[in-house]
Amino acid sequence: MQLMRKAAGAALSLALLASVLPAVAGQAEAAGKTTYSREYGIMAADKTPILKPKWQLQADVAGGGASEIAAADGRLFYSYKNKIISVDATTGKTKWTYDGRRSSPLLAGEGSLYFVNSLGYLIKLNAKTGAAGWKTKIADASEDAFYSLARDGRTLYVTELDSLAAYDASTGKRKWKTKSQEIGSPQYQGTYGGIAVVSGVENGAITTIHFYGYEAASGKRLWELDGTHSDVLHEQDGYLYLRNNWPVLDNGFAAVIDKVDVKTGKIAKTLSYIPEEDVAGNNAAAVIIEGKSIYIEQIKSGGSKVSVFSLDREPEKQTPRIYENHGKFLAGPYAGRLYFEVNQKLIGLKDGGNGFIVFNGPANPIAQLDLLGQAAVIGLTNGQVYLANASTGKVAGKLVTGARQFGTAKVENGMAIIQAEDQIYAVALPSSLTK
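In mature numbering (1 follows the signal peptide of the UniProt record, and there is no 0), the protein residues as written are -25 to -1, 1 to 410.
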């Protein structure tokens, strides 16, 4: 009897205990979801060989794809602590230094290095020796001003906040300059058929982007295209192809391209791609023209949708080639492929055919992708940088850094040069990436 009372008491105790404890998994009265595991894609052991840097040095910080370095003629040029420095791309050995804080990117080529310093001088250095070829005063000294540089043949184009000027690359003599505030935030687009094409911001009730054509030899303005357009996408047979972004919500298409006569600035033809009722939700995220094809990216719930049209046929008379459900479109066409990030992996789809390649490595978000010759340089947010064959996807090796952001990679003298925040690394390109 006493045993039965003890058993009954134990049963009651267990019942009371159960009433205050959470229900175990599988019971109907289970609480809300309390566990989450992120899907990182295929997790295989990473046996990628580690590439040892041939050299490493410190530089001004770069990130977000902005390159702070220049490379040409077997040299690398960079800035650090108010000095411009040149090193041998193969050995990393310093060849020369030049005192001065730069206020523009470094522009290298044909044995010269150009930049604007914070004292307002446009400077040309001998790339081999660091000796000054010439320097031209173009503005007042400023720690805040920033300039962009571009070279077309013998002409240097320098843009600042409200003007564009052209200089003789050999002598530094100014050829011409637009009037102050003639163009807001000018951007040099290129010289086509002797006409320098420039875009600029027009402020008003609505901010628009106008295009201008200047006679490259004299600086005489020839035309102005109003509205708002993107950068020059393509040039063919004397016509520029510009994306018309005005007004985005009323045009009824994912992308509208204007074919503009470069001599007159007049729109010769308008091409409208992918009719959409909801333009705001389906507006093209990117438009790329390569050869005779136009690639239009839209952002969908499953990632990017890329539609490919022929540039030489009317849009409404063709059925596009479509790539979708492959994640986020990153780059291409390149080496006959389009590159996507899916489940934190890089894949390359064969453009115009079936099949794809997967770039092996850990599943991790891609911070930077550069396609250079045979090489794909893939920077991940975990600090690792993979070097792979852009055509086959075969990974040749990886560089381990502590960075989360990278500048644009360069290849010079068989070396992959990678800027990882405030560090520059140089690794020898594996033979599989140099053939």
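By construction, the Cβ of each residue, glycine as well, lies at the ideal position given by its N, Cα and C atoms.
Quantities reported herein were computed from a predicted structural model and do not represent experimental measurements.
Checklist line | Integer-rounded CB distance, given that V352 should sit under 8 angstroms from I399 | finding: For the purposes of this step, residue 399 is taken as the residue at position 424 of the sequence shown. For the purposes of this step, residue 352 is taken as the residue at position 377 of the sequence shown. No, I399 and V352 are not in contact; Cβ-Cβ is about 14 angstroms, not under 8 angstroms.
Next item on the list: Starting from G256, follow the alpha helix (DSSP H) in both directions and report where the run begins and ends.
Entry: What you label residue 256 is simply residue 281 of the sequence shown in a count that begins at 1. Residues V254 to N257.
Notebook entry, point to check: Can you list, in chain order, the residues of its chain whose CB lies under 8 angstroms from that of Y214, leaving out five sequence neighbours each side?
Noted result: Here residue 214 corresponds to residue number 239 of the sequence shown, with the count starting at 1. Here the set comprises K234, V235, D236, V237 and A243.
Check: Looking only at DSSP bridge pairs, what is E210 linked to?
Finding: Taking the sequence shown and counting its residues from 1, one reaches residue 210 at position 235. Per the DSSP secondary-structure output, E210 pairs in a beta bridge with L215.
Margin query: I'd like the span of the beta strand (DSSP E) that includes Q293, first residue to last.
Written below: On the sequence shown, residue 293 is found 318 positions in, with the first residue counted as 1. Careful: Q293 lies outside any beta strand (DSSP E) and carries neither H nor E.
Notebook entry, point to check: Taking buried to mean at least 16 other C-beta atoms within 10 Å of its own C-beta, is V173 buried or exposed?
Noted result: Numbered from its first residue, the sequence shown carries residue 173 at position 198. Burial call: buried.
Next item on the list: Please list, in chain order, all residues of the same chain as P340 whose beta carbon is under 6 angstroms from its beta carbon, the five residues on each side excluded.
Entry: Position 365 of the sequence shown, counted from the start, is the residue given in the question as residue 340. If we look at P340 and ignore the five residues flanking it on each side, its Cβ neighbours are Q319 and T356.
Notebook entry, point to check: Assuming A401 and A64 make a contact with CB atoms under 8 angstroms, what is their CB distance in whole Å?
Noted result: The residue labelled residue 401 in the question sits at position 426 within the sequence shown. The residue labelled residue 64 in the question sits at position 89 within the sequence shown. By a beta-carbon distance limit of 8 angstroms, A401 contacts A64. Their separation comes to about 7 angstroms.
Checklist line | Where K385 falls: helix, strand or coil (DSSP) | finding: The residue labelled residue 385 in the question sits at position 410 within the sequence shown. Correct three-state label for K385: strand.
Margin query: Can you confirm whether A342, when its beta carbon is compared against all beta carbons of chain B, has any partner nearer than 8 angstroms?
Written below: Reference to chain B is not applicable here, since this structure consists of a single protein chain.
Note to self: Just to confirm, is the Cβ distance from T130 to S123 under 8 angstroms?
What the structure shows: In the sequence shown, the residue the question calls residue 130 occupies position 155. In the sequence shown, the residue the question calls residue 123 occupies position 148. Going by C-beta atoms, T130 is not nearer than 8 angstroms to S123.
Margin query: Going by DSSP in three states, L404 sits in which element: helix, strand or coil?
Written below: Residue numbering aside, residue 404 sits at position 429 when the sequence shown is read from its first letter. Secondary structure of L404 (DSSP, three-state): coil.
Notebook entry, point to check: For T203, is the classification buried or exposed, using 16 other Cβ atoms within 10 angstroms of its Cβ as the cut-off for buried?
Noted result: The residue labelled residue 203 in the question sits at position 228 within the sequence shown. Here T203 is buried, its C-beta having at least 16 other C-beta atoms within 10 Å.
Checklist line | Presumed contact (8 angstroms Cβ cut-off) between Y23 and V386, rounded CB distance | finding: Taking the first residue of the sequence shown as 1, we reach residue 23 at position 48. Taking the first residue of the sequence shown as 1, we reach residue 386 at position 411. The amino acid occupying residue 23 in the given sequence is Thr; Tyr does not appear at that position. Their Cβ separation, rounded to whole angstroms, is 20 angstroms, which puts T23 and V386 out of contact at 8 angstroms.
Note to self: Do Q156 and D137 have their beta-carbon atoms positioned less than 8 angstroms apart in this structure?
What the structure shows: Indexing the sequence shown from 1 puts residue 137 at position 162. Indexing the sequence shown from 1 puts residue 156 at position 181. D137 places its beta carbon less than 8 angstroms from that of Q156.
Checklist line | Segment limits, beta strand (DSSP E) that includes G179 | finding: Here the question's residue 179 lines up with position 204 in the sequence shown. Per DSSP, G179 belongs to no beta strand (DSSP E) and is neither H nor E.
Check: Does the separation of the CB atoms of E199 and G240 fall below 8 angstroms?
Finding: For the purposes of this step, residue 199 is taken as the residue at position 224 of the sequence shown. For the purposes of this step, residue 240 is taken as the residue at position 265 of the sequence shown. In this structure, E199 places its C-beta atom within 8 angstroms of the C-beta atom of G240.
Next item on the list: Look up Q380 in the DSSP assignment and say whether it is helix, strand or coil.
Entry: For the purposes of this step, residue 380 is taken as residue 405 along the sequence shown, with counting starting at 1. Three-state DSSP puts Q380 in coil, outside helix and strand.
Checklist line | DSSP three-state assignment for G121, whether helix, strand or coil | finding: Here residue 121 refers to the residue found at position 146 when the sequence shown is read from its first residue. Strictly speaking, residue 121 in this sequence is Phe, with Gly absent from that position. It is coil, neither helix nor strand.
Next item on the list: Drop a sphere of 10 angstroms on the beta-carbon of P405, count the other beta-carbons inside from all chains shown, and report buried for 16 or more, exposed for fewer.
Entry: Indexing the sequence shown from 1 puts residue 405 at position 430. It counts as buried.
Next item on the list: Compare the beta carbon distance of I25 and G372 with 8 angstroms and say whether it is the shorter of the two.
Entry: To locate residue 25, count along the sequence shown from 1; it is residue 50. To locate residue 372, count along the sequence shown from 1; it is residue 397. For the 8 angstroms CB-CB criterion, I25 and G372 form a contact.
Item checked: Backbone secondary structure at G372 - three-state DSSP -> One-based indexing of the sequence shown puts residue 372 at position 397. Note: G372 maps to strand in three-state DSSP.
Check: What residue from G389, A403 and L408 has the CA that sits closest to A363's CA?
Finding: In the sequence shown, residue 363 corresponds to position 388, counting from 1. Considering only alpha carbons, the answer is L408.
Note to self: Buried or exposed for I98, going by 16 or more other Cβ atoms inside 10 Å?
What the structure shows: Numbered from its first residue, the sequence shown carries residue 98 at position 123. Buried, by the Cβ-count rule.
Notebook entry, point to check: Count the other CB atoms within 10 Å of the CB of A180; is the residue buried (16 or more) or exposed (fewer)?
Noted result: In the sequence shown, residue 180 corresponds to position 205, counting from 1. Classification for A180: exposed.
Item checked: Which residues DSSP lists as bridging G354, in chain order -> The residue labelled residue 354 in the question sits at position 379 within the sequence shown. DSSP, once it has assigned bridges, lists Q343 and V360 as partnering G354.
Next item on the list: Work out the CA separation of A365 and A46 for me, nearest whole Å.
Entry: Within the sequence shown, the letter at position 71 stands for residue 46. Within the sequence shown, the letter at position 390 stands for residue 365. Going by the C-alpha atoms only, they are around 21 angstroms apart.
Item checked: CB of V333 within 8 angstroms of CB of G368, strictly -> For the purposes of this step, residue 333 is taken as residue 358 along the sequence shown, with counting starting at 1. For the purposes of this step, residue 368 is taken as residue 393 along the sequence shown, with counting starting at 1. Yes.
Notebook entry, point to check: Who are the Cβ neighbours of I264 in its own chain at under 7 angstroms, not counting the five residues just before and after it?
Noted result: Here residue 264 is taken as the residue at index 289 of the sequence shown, counted from 1. If the five residues before and after I264 are omitted, its C-beta is found closer than 7 angstroms to the C-beta atoms of L208, H209, Y216 and L286, all from its own chain and listed in chain order.
Check: Which residues bound the beta strand (DSSP E) around D236?
Finding: Counting from 1 along the sequence shown, the entry for residue 236 is found at position 261. Residues F228 to D236.
Next item on the list: Express the C-alpha separation of V176 and T182 in angstroms, rounding to a whole number.
Entry: As a first step, residue 182 is located in the sequence shown; it is residue number 207 there, counting from the start. As a first step, residue 176 is located in the sequence shown; it is residue number 201 there, counting from the start. C-alpha of T182 to C-alpha of V176: approximately 7 angstroms in a straight line.
Notebook entry, point to check: Exposed or buried, which one is E43 when buried takes at least 16 other CB atoms within 10 Å?
Noted result: Looking up residue 43 in the sequence shown gives position 68. Buried: at least 16 other Cβ atoms inside 10 Å.
Margin query: Using CA atoms only, rank isn't needed, just tell me which of S54, K148, V283 and A260 is closest to Q33.
Written below: Position 58 of the sequence shown, counted from the start, is the residue given in the question as residue 33. From the listed residues S54, K148, V283 and A260, the smallest Cα separation to Q33 is found for S54.
Notebook entry, point to check: What three-state label does DSSP hand W221 in the structure shown?
Noted result: One-based indexing of the sequence shown puts residue 221 at position 246. W221 falls in the coil class under three-state DSSP.
Check: In chain order, what residues of the same chain lie with their CB nearer than 8 angstroms to the CB of R50, ignoring the 5 residues before and after it?
Finding: Your numbering for residue 50 matches position 75 in the sequence shown. S61, V62, D63, A64, K70, A83, A102, K103 and E387.
Next item on the list: On a CA-only basis, which of G194, P222, Q211 and N257 is nearest D201? Give me that one, please.
Entry: For the purposes of this step, residue 201 is taken as the residue at position 226 of the sequence shown. Comparing Cα positions, the closest option is P222.
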